[in-house]
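Below: one structure, written as structure tokens.
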Amino acid sequence: MIYNSNPSIITSVYRKKTFTGLLTNYFSFTPMMYKLGLIRTLVDRVYKINNSWVGFHKDVQKLIFLLRKNCFPSSVIDRIISRHLAKSYNPSPTHNATLNSGNPSSHYFKLPYVGRFSDIAQTKLRHLLKRYCRPDLDIKLVFNTFKLRNLFSVKDSVPPGLRSRVVYKFSCAGCNAGYIGETTRHICTRVREHLLSDKTSHIYKHLQSSKACLDSCGTECFTILDSAASKYKIKIKEALHIKWDKPILNQQLKHLELSLSF
1 MIYNSNPSII
11 TSVYRKKTFT
21 GLLTNYFSFT
31 PMMYKLGLIR
41 TLVDRVYKIN
51 NSWVGFHKDV
61 QKLIFLLRKN
71 CFPSSVIDRI
81 ISRHLAKSYN
91 PSPTHNATLN
101 SGNPSSHYFK
111 LPYVGRFSDI
121 AQTKLRHLLK
131 RYCRPDLDIK
141 LVFNTFKLRN
151 LFSVKDSVPP
161 GLRSRVVYKF
171 SCAGCNAGYI
181 GETTRHICTR
191 VREHLLSDKT
201 SHIYKHLQSS
211 KACLDSCGTE
221 CFTILDSAAS
231 KYKIKIKEAL
241 HIKWDKPILN
251 QQLKHLELSL
261 SF
């Protein structure tokens, strides 16, 4: 947030009204380095955004209150804040040299986090790396935490009729004629247009030309073949499915030429 306080501008941390204050809980099943890293990141953010000590003090007090609500001990919070301020005032020469030179030999390895056994494994691995690897080789171990989404989706599944950006296929129940199309809207909307209102649709024209086909066809004749994240990709997938299936009712006025080599 920026305040115009003549003759200077004051900056401070801004949070939306919808901010809930929910952070990683101190007692969550997460590596301790992640919890401490969270505090360092938030303190560093407050330090860099504020351009006055008054604003920095106010935001730090808010941050302490926020961390305490997420069960972080006051001793841990105070220790990290003190260390951050000490480093800001007296940056170590070794740290500055590392930032300036960089380390091209850094390698990262993922390990599953399984509580204290992961900490034991990390200690032993670091000992082995220090003993058998070159001194200039910087190997960092990163813990991969297990989340609920690894077990099941935390979001409700989208009903088939409300899916969008899909490639669909129509198979006539009366004569087995086929059509492949794409839509970026809800598939149920496009199906309804094909059956009832879109007079330019090849499906609509086909059904209107044969009463037997019209009486036997409904929404169950449509199936979803594919989906994509963008309109461009969905059009490419439509062209591929048309090329592969060659449906009778696909009389495209324009098409995308694809040079395929498998």
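Under UniProt numbering, the sequence shown has 247 at position 247, and the numbering climbs by one with no breaks. From the three backbone atoms N, C-alpha and C, an ideal C-beta is built for every residue, glycine too. Here the structure is a predicted model, which is why all the values come from computation and not from measurement.
Three-state secondary structure assigned by DSSP to S8: strand
Any idea which residues DSSP pairs V166 with across the strands? T183 and S227
Contact check, K233 vs V167 under 8 Å by CB: the rounded distance? About 10 Å; that fails the 8 Å criterion.
Could you say if the stretch 139-156 and the stretch 170-187 meet the contact criterion of at least three C-beta pairs nearer than 8 Å? no
For T30, which of K58, I77 and G115 has the nearest alpha-carbon? G115
So for G37, helix, strand or coil by DSSP? helix
Could you give the DSSP three-state label for Y232: helix, strand or coil? helix
Tell me whether V43 sits in a helix, a strand or coil according to DSSP, three-state version. helix
Between I10, S28 and K16, which has its C-alpha nearest L148's C-alpha? S28
Would you identify the three-state DSSP class for D156, choosing helix, strand or coil? coil
Take the Cβ of I9 as the centre, count every other Cβ of all protein chains shown within 10 Å, and call the residue buried at 16 or more, exposed below. exposed
Under 6 Å Cβ to Cβ from C188, same chain only, skipping five residues before and after it: list those, please. G161
Once you ignore the five residues that flank N144 on each side, which residues in its own chain have a CB closer than 8 Å to its CB? K110, L111, P112 and Y113
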